[in-house]
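Undergrad: Take a look at the following structure, please.
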């Protein structure tokens, strides 16, 4: 997950393939809003969070991220190969926790 390439954030505010998601960080619960290309797989969101400076040491130490979205909360791990848009994550809040 640390070696995955995370594409740059799309420009513009809306579009058919722009998915805007709110991410709640695992270390401190802070929120971050970021846009992704909606055609990218869900695992790119995992990679983005794992590669943030505040999380990278935990990932290198072998800690795994758990991510849940929607209501009732759905574990995202079984859906990492689906596209962000097809899974309906645009406009969603995703909570990341350390396992």
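Numbering (this note's numbering), first residue to last: 16 to 114.
Backbone N, C-alpha and C define an ideal beta-carbon position, used for all residues, glycine too.
(1) State the CB to CB distance for the pair residue 27 and residue 105, rounded to an integer number of angstroms; the pair is presumed to be in contact (CB under 8 Å).
(2) State the beta-bridge partners of residue 46 as determined by DSSP.
(3) Quick one: any contact between the segment 17-25 and the segment 84-104, if contact means 3 or more CB pairs under 8 Å?
(4) What do you reckon, are the CB atoms on residue 50 and residue 25 nearer than 8 Å?
(5) Which of the three DSSP states, helix, strand or coil, is assigned to residue 51?
TA: Reading off the structure:
(1) Contact doesn't hold; Cβ gap of about 14 Å is too wide.
(2) In the DSSP assignment, residue 46 is bridged to 39.
(3) Of all C-beta pairs linking the segment 17-25 to the segment 84-104, fewer than three are shorter than 8 Å, placing the two stretches out of contact.
(4) Taking 8 Å as the cut-off, the beta carbon of residue 50 is found closer than this to the beta carbon of residue 25.
(5) Note: residue 51 maps to strand in three-state DSSP.
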